[in-house]
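What follows is a short report on a single structure.
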Amino acid sequence: MITVTKDFDTIPEGLNNDAQKEKLKAAISDKLLHKFDSKIYRKASIDFLKIIYNDKCAYCETNGDSGYYAEVEHYRPKKGKPIDGHSGYYWLGYEWTNLLLCCRKCNGKKLSQFPILSTRIIDPTLDVNGMPVKEFTFVNSETLLGERPLLLNPEIHKPQEHLIVLTDGTLKNITDEGECTIKTCNLNRKELVFRRKRKIKKFFDNLEMYYSEYLNLEINEEELKKNINRLYKFLFSKLTNDSEFSLVWHILAAKFEFFCKSYLQQKECEASIRYFNEYKNSLQN
Numbered sequence: 582m583i584t585v586t587k588d589f590d591t592i593p594e595g596l597n598n599d600a601q602k603e604k605l606k607a608a609i610s611d612k613l614l615h616k617f618d619s620k621i622y623r624k625a626s627i628d629f630l631k632i633i634y635n636d637k638c639a640y641c642e643t644n645g646d647s648g649y650y651a652e653v654e655h656y657r658p659k660k661g662k663p664i665d666g667h668s669g670y671y672w673l674g675y676e677w678t679n680l681l682l683c684c685r686k687c688n689g690k691k692l693s694q695f696p697i698l699s700t701r702i703i704d705p706t707l708d709v710n711g712m713p714v715k716e717f718t719f720v721n722s723e724t725l726l727g728e729r730p731l732l733l734n735p736e737i738h739k740p741q742e743h744l745i746v747l748t749d750g751t752l753k754n755i756t757d758e759g760e761c762t763i764k765t766c767n768l769n770r771k772e773l774v775f776r777r778k779r780k781i782k783k784f785f786d787n788l789e790m791y792y793s794e795y796l797n798l799e800i801n802e803e804e805l806k807k808n809i810n811r812l813y814k815f816l817f818s819k820l821t822n823d824s825e826f827s828l829v830w831h832i833l834a835a836k837f838e839f840f841c842k843s844y845l846q847q848k849e850c851e852a853s854i855r856y857f858n859e860y861k862n863s864l865q866n
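Numbering-wise, my numbering puts 692 at position 111 of the sequence shown, and it's gapless, one number per residue.
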């Protein structure tokens with residue numbers, strides 16, 4: 582997971598028209614019995630969400646190049662099995678700020694789960710027109726945040742403050758929210774751990790290759806440093822939200838010494854850290 586920016590006030594037209602309002606009124610009336618129309622919330626939001634999320638799953642960061650099927654996921658479940666006497670957030674089924682882009686595997690694992698630490702909201706307060714007031718719809722409102730959700734949302738949280746990537750590609754929690762999110766979406770499923778580790782290993786395999794070329798007298802020290810700096814340039818180019826598994830690259834850059842000690846021999850590790858610090862300093866000057 583990595584932070585993304587969504588403009589909550591710029592609502593797609595299909596989620597802010599008469600058809601949407603009629604469906605929302607029906608959901609408020611029907612509650613658990615309402616049959617949600619995916620043609621309303623998915624068709625109106627999918628293209629916008631793909632841009633916002635760089636065509637990546639909000640939870641696992643798998644991207645469209647991996648062949649996943651993009652689904653529109655409700656952060657707070659619109660309906661489902663009763664949770665602590667709760668049958669879902671029916672009034673948020675067509676709410677823009679409650680919609681995320683998600684892969685089928687994460688969505689299928691999460692389903693109607695939405696763990697919280699405080700009191701769950703059962704019904705919203707309605708205005709004179711019978712519509713939910715903003716405090717009960719906007720995902721970052723004090724009322725909804727007052728539930729103290731344990732599930733991270735990349736639109737309102739900074740996942741990198743709750744999660745860390747280990748050298749073997751495993752996600753580890755820093756906070757309770759991180760632990761809950763890993764468990765709820767099964768973010769350490771085998772293929773994700775494998776693919777995260779593969780990216781880390783490939784990076785250090787390249788470093789080792791350059792040192793091997795240097796020791797075999799295929800390149801001189803100046804060429805060694807140039808090749809290593811080119812690899813560091815690649816790493817820093819990945820510190821954007823459009824890269825698959827962005828969190829991996831952010832953690833690798835932030836905890837570079839920790840990763841070096843796991844993947845490189847002592848002399849190579851020391852040299853790599855020295856070159857890395859020199860490269861970072863050059864970016865700041």
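Glycine included, C-beta positions come from ideal geometry on N, C-alpha and C.
- Burial state of G674 is buried, judged by a 10 Å Cβ sphere holding 16 or more other Cβ atoms.
- Less than 8 Å divides the Cβ of F717 from the Cβ of P705.
- Put simply, the stretch 806-813 does not touch the stretch 823-830. Fewer than three CB pairs are less than 8 Å apart.
- Leaving aside the five residues that flank N767 on each side, the residues in its chain whose CB is nearer than 6 Å to its CB run, in chain order, K690.
- Counting only unbroken stretches of 4 or more residues, the alpha helix (DSSP H) elements lying wholly within the stretch 695-753 are 723-726, in sequence order.
- Residue environment for Y650: exposed (fewer than 16 other C-beta atoms within 10 angstroms of its C-beta).
- Secondary structure of L680 (DSSP, three-state): strand.
- In this structure, the straight-line span from the alpha carbon of D618 to that of N598 is close to 14 Å.
- Distances from the alpha-carbon of K602 to those of T821, N710, E851, R777 put N710 closest.
- Leaving aside the five residues that flank S863 on each side, none in its chain has a CB nearer than 6 Å to its CB.
- Separation of the CB atoms of S853 and L788 is rounded to 6 Å, and the pair is thereby assigned contact status at 8 Å.
- Per the DSSP secondary-structure output, H655 pairs in a beta bridge with L680.
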